[in-house]
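K.L.:
I'd like to ask you about the structure that follows.
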Amino acid sequence: MKRCVILIVAAYLLSSACWAAAPVPTTLNADQVEYDQKSGLATAEGNAVLMYSGMKLRASRIRMNTKTQLVEAWSDSVGEPIVFSSGPQIVRGKYAVYQLDEKKGQLIEATGQMPAGLGTAYLKSPEAELAPVQDALSQGWFKSRYAQETTQDDVAVKMHDVIVTTCKQVHPHYHLRTRQMVIVPGRWVIAKSPRVYLKGHLVFIYPFDLVISGTGGRRKPFAPSLTYDSNRQFGIVSKGAFFWTGGQLSIDMYLWSHVGFEGKVRVDQSITPWLSAYAEDSYQWNKELDQKKLRPRWGFLLGHSGWNAELYWAERQTLSVYRRPGEEAYETTLWRKPEFKVSSPWVGLYIGNWGQYCQFDGVWGRYQEAGLYRDPAWRTRWGWGGRYFTDYVFSLGREWTVTPFVDASYHQYHYDVTGSPTQDVTTAKVGVLLRHRGFSLGLAYLRQRVSGRSPFSWDRFSDADQLYPRIGFDVTSHWHLDVQGLVDLRDSRASDGHWHRELKSVDYQLIYDNHCCSRWWFFVHDDLTDKDDDKYGIAFEVTAFPESRQALGLAGISNAFSRPGVPARKQASSTKHVLPPTLETEKTSEEDGVYVGLSSGEKGTDATKEKTAK
């Protein structure tokens with residue numbers, strides 16, 4: 001029976017691993033322990049500690065009734081709380097009562113903490129109830145789908161008037177408040193219509209239940225938010241995701257002031273640990289043709305030991321192709337039936353602070369480019385290539401570091417058209433980044449040469465010579481500013497008809513980091529060409545949940561000093577900021593925009609892209 005006392009803690013902390021059929025030793029220590037065999041009462045007074053299977057219950061007083069199977073625990077008169085602990089998870093309260101045979105109980109004035117994303121969630125509630133999952137289901141705590149894959153030993157927790165935050169300050173920068181939160185052990189956390197507060201002020205009320213999966217997913221009903229796109233203008237977006245074992249359904253809906261409704265539905269399902277399938281369909285506006293159509297895509301994803309591959313089909317895929325900085329995007333529509341691409345893991349060679357990395361990739365596919373001015377003939381394209389990256393970190397004195405780097409790639413593409421044309425693309429970028437605490441200064445030079453010509457327009461690369469100066473510094477302890485320019489070193493024709501080199505654009509990134517729980521970004525893309533296509537944006541995220549990032553307008557700016565997804569290297573101790581005094585890891589993704597001015601996924605400052613079902 002003593003064994004069950006500890007199971008109260010296990011249930012509250014979302015863990016059922018400690019339930020076992022065989023008895024597990026339990027110890028009860030205190031300054032004074034008494035046991036009345038006649039009444040069956042065991043009482044521990046003063047620094048009482050009950051330990052069971054790696055878990056610990058600490059209180060000023062603990063009483064166990066072996067006849068009624070009731071356990072009670074009290075905090076002391078000076079406010080020292082009851083403490084339940086198991087690994088990194090801790091729950092505190094003033095009074096606890098638990099009925100062992102029924103597995104039901106209460107915790108009064110409960111506070112606690114538990115891992116949440118990349119941080120820790122802190123909870124506070126005047127009352128928490130515990131009950132077996134089936135009893136909780138019959139009492140209407142949650143719907144039957146959340147009880148799937150639970151066992152008879154699992155105990156659910158219901159907390160009332162809960163305050164939740166990942167901010168550890170006494171007066172948190174933000175917090176969520178919900179009238180009821182239900183925890184299904186190890187699987188689901190369900191918050192009823194939480195209210196969001198900033199600095200104690202109510203910002204908005206989430207009108208639905210917020211459901212978080214303990215296995216890594218999150219079900220989001222369709223709560224609306226504002227968004228902006230330079231072509232579609234202002235809009236309202238509502239996104240939802242539903243999760244099940246090994247799969248999910250995602251639904252995105254947009255209502256724009258300029259183009260009306262757009263939407264996207266996607267289903268992902270894991271087949272094996274290394275193979276998954278997906279299918280999506282988007283109803284998306286095409287700027288070039290000024291029309292909206294369904295644009296389906298489906299295929300398979302493979303991943304094993306760093307190897308990645310994808311086989312997929314796509315119809316009417318909208319692409320925005322940027323050939324050179326400052327030029328108008330070329331809008332086109334592409335069909336892929338099918339495309340197969342594969343990439344190797346990054347192979348690294350480390351010699352002290354010197355790292356060298358290489359990766360290989362290949363692609364094969366059949367395509368039809370059906371843009372407004374293209375011949376809609378089906379053509380086969382295949383290619384192969386590789387990428388090499390190296391950097392070396394060395395110190396100047398105690399606090400200065402210098403990081404020179406080289407990022408080079410070569411790709412060759414073949415096409416099954418008359419004459420068997422090929423396209424060879426060689427790209428090299430060399431640069432150096434100087435860092436000192438919150439200050440960074442960098443200069444990078446990119447050179448690309450293209451031999452041959454593609455019969456398509458969407459993958460027709462061009463020569464490039466570009467220079468990227470960058471500076472970043474702390475404005476205050478919380479504010480950091482980064483400025484990066486793009487200088488086109490190749491001759492270009494200005495509106496006056498003269499040929500000259502010019503500064504194409506300047507990007508500004510202002511970051512506010514409270515070094516606690518949240519981060520803000522403010523972006524400005526200043527287009528200095530005749531096009532004068534300036535862009536602005538703002539973004540916010542809770543640092544414990546990077547996926548919580550929300551953006552309005554421009555979602556980010558390019559960083560010419562990013563590391564291309566190579567294995568992480570330990571940064572110098574003087575590095576202070578996540579952004580961008582260090583070489584960041586490049587985030588690559590297959591969006592429906594293409595910047596063909598640069599190969600191997602290299603994106604110039606002006607490479608703003610149109611995304612499927614934006």
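Numbering (UniProt numbering), first residue to last: 1 to 614.
Using N, Cα and C, we set each Cβ at its ideal position, and we do this for glycine too.
Computed from a prediction, not measured in an experiment: that's the story for all the values here.
If contacts are defined as beta-carbon pairs under 8 Å, then Thr-403 and Asp-416 qualify, I think. What distance do you get, rounded to the angstrom?
P.N.:
Contact flag wrong, Cβ pair sits at about 44 Å.
K.L.:
Classify Asn-29: buried if its beta carbon has 16 or more other beta carbons within 10 angstroms, exposed otherwise.
P.N.:
Its Cβ having fewer than 16 others within 10 Å, Asn-29 is exposed.
K.L.:
When the Cα atoms are used, what is the spatial distance from Gly-431 to Asn-559?
P.N.:
If I take the Cα positions, the gap works out to 12 Å.
K.L.:
Cβ of Thr-426 within 7 Å of Cβ of Arg-453?
P.N.:
Result no, Cβ atoms of Thr-426 and Arg-453 do not sit closer than 7 Å.
K.L.:
Quick check: what's the CA-CA separation for Thr-43 versus Leu-57?
P.N.:
For Thr-43 and Leu-57, the distance between alpha carbons rounds to 14 Å.
K.L.:
What would DSSP say about Leu-443, mapped onto helix, strand or coil?
P.N.:
Strand.
K.L.:
According to DSSP, is Ala-110 part of a helix, a strand, or is it coil?
P.N.:
Here Ala-110 sits in strand by DSSP.
K.L.:
Using the rule of at least 16 other Cβ atoms within 10 Å of the residue's Cβ for burial, across every protein chain shown, is Ala-21 buried or exposed?
P.N.:
Note that Ala-21 scores 40 on pLDDT, short of 50, meaning its location in the model is unreliable and no value can be drawn from it.
K.L.:
Skipping 5 residues on each side, what residues in its chain have a beta carbon closer than 6 Å to that of residue 687?
P.N.:
The structure shown has nothing for residue 687, since the chain only spans 1 to 614.
K.L.:
What three-state label does DSSP hand Gln-134 in the structure shown?
P.N.:
Helix.
K.L.:
What are the residues that DSSP puts in a beta bridge with Ser-125?
P.N.:
According to DSSP, which records beta bridges pairwise, Ser-125 is partnered with Ala-110.
K.L.:
Considering Cys-358, what are the terminal residues of the beta strand (DSSP E) in which it resides?
P.N.:
Per DSSP, Cys-358 belongs to the beta strand (DSSP E) from 354-369.
K.L.:
DSSP three-state call for Ala-377: helix, strand or coil?
P.N.:
Of the three classes helix, strand and coil, the one that applies to Ala-377 here is coil, per DSSP.
K.L.:
Identify whether Ser-562 lies in helix, strand or coil by the three-state DSSP scheme.
P.N.:
Looking at Ser-562 - three-state DSSP - the assignment turns out to be coil, as it is neither helix nor strand.
K.L.:
What separation, rounded to the nearest whole angstrom, lies between the Cα atoms of Val-265 and Tyr-508?
P.N.:
Using only the alpha carbons, I get a separation of about 34 Å.
K.L.:
Note down, in chain order, each residue of its chain lying with its Cβ closer than 6 Å to the Cβ of Asp-527, except the 5 sequence neighbours on either side.
P.N.:
Around Asp-527: Ser-505, Asp-533, Asp-534.
K.L.:
Are the stretch 309-317 and the stretch 344-356 in contact at 8 Å, needing three or more beta carbon pairs?
P.N.:
Result no; under three Cβ-Cβ pairs closer than 8 Å.
K.L.:
Following the continuous beta strand (DSSP E) through His-414, name the residue where it begins and the one where it ends.
P.N.:
Note, His-414: beta strand (DSSP E), 400-415.
K.L.:
Within 10 angstroms of the Cβ of Trp-141, are there 16 or more other Cβ atoms? Answer buried if so, exposed if not.
P.N.:
Its Cβ being crowded by 16 or more others within 10 Å, Trp-141 is buried.
K.L.:
Per DSSP, which one or two residues make a beta bridge with Gly-93?
P.N.:
Gly-93 pairs with Ile-82.
K.L.:
Just to confirm, is the Cβ distance from Thr-27 to Met-64 under 7 Å?
P.N.:
It is not a contact, given that the beta carbons lie outside the stated cut-off.
K.L.:
For Arg-490 and Asp-465, I'd like the C-alpha separation in whole angstroms.
P.N.:
Roughly 6 Å separates the two Cα atoms.
K.L.:
In terms of alpha-carbon separation, which member of Arg-435, Leu-434, Thr-401, Gly-385 lies closest to Gln-423?
P.N.:
Out of Arg-435, Leu-434, Thr-401, Gly-385, Gly-385 has the C-alpha closest to the C-alpha of Gln-423.
K.L.:
To which residues of the same chain is Trp-307 closer than 8 Å at the C-beta, ignoring the five residues directly before and after it?
P.N.:
Same-chain partners within the cutoff: Val-342, Ser-343, Ser-344, Pro-345.
K.L.:
Starting from Leu-510, follow its DSSP beta bridges and name the residues at the other end.
P.N.:
Beta-bridge pairing links Leu-510 to Leu-481, Phe-522.
K.L.:
Alpha carbon to alpha carbon, how far is Lys-293 from Asp-252?
P.N.:
The straight-line gap from Cα to Cα measures roughly 16 Å.
K.L.:
Pull the bridge partners of Pro-567 from the DSSP assignment, please.
P.N.:
Answer by DSSP bridge pairing: none, since Pro-567 is not bridged.
K.L.:
Kindly indicate which residue of Ser-477, Val-566, Phe-523 has the alpha-carbon position closest to the one of Asp-513.
P.N.:
Residue Ser-477 is the option with its Cα nearest to Asp-513.
K.L.:
Bridge partners for Asn-286 per DSSP, in chain order?
P.N.:
According to DSSP, Asn-286 bridges with Gln-291.
K.L.:
Quick one: what's got a C-beta closer than 7 Å to Leu-433's C-beta in the same chain, skipping five residues either side?
P.N.:
Closer than 7 Å at Cβ, skipping near neighbours: Thr-403, Ser-440, Gly-442, Phe-561, Leu-583.
K.L.:
Take the Cβ of Leu-202 as the centre, count every other Cβ of all protein chains shown within 10 Å, and call the residue buried at 16 or more, exposed below.
P.N.:
Classification of Leu-202: exposed, given that the 10 Å Cβ count is below 16.
K.L.:
State the DSSP-derived secondary structure class of Tyr-35, mapped to helix, strand or coil.
P.N.:
Correct three-state label for Tyr-35: strand.
K.L.:
Determine the contact status of Leu-301 and Leu-319, defining contact as a CB-CB distance below 7 Å.
P.N.:
Going by C-beta atoms, Leu-301 is not nearer than 7 Å to Leu-319.
K.L.:
Since Leu-198 sits in a beta bridge, which residues does DSSP pair it with?
P.N.:
Answer is Tyr-174, His-201, bridged to Leu-198.
K.L.:
Out of Val-267, Ile-271, Glu-288, which has the shortest C-alpha to C-alpha gap to Tyr-278?
P.N.:
Measuring from the Cα of Tyr-278, the nearest candidate turns out to be Val-267.
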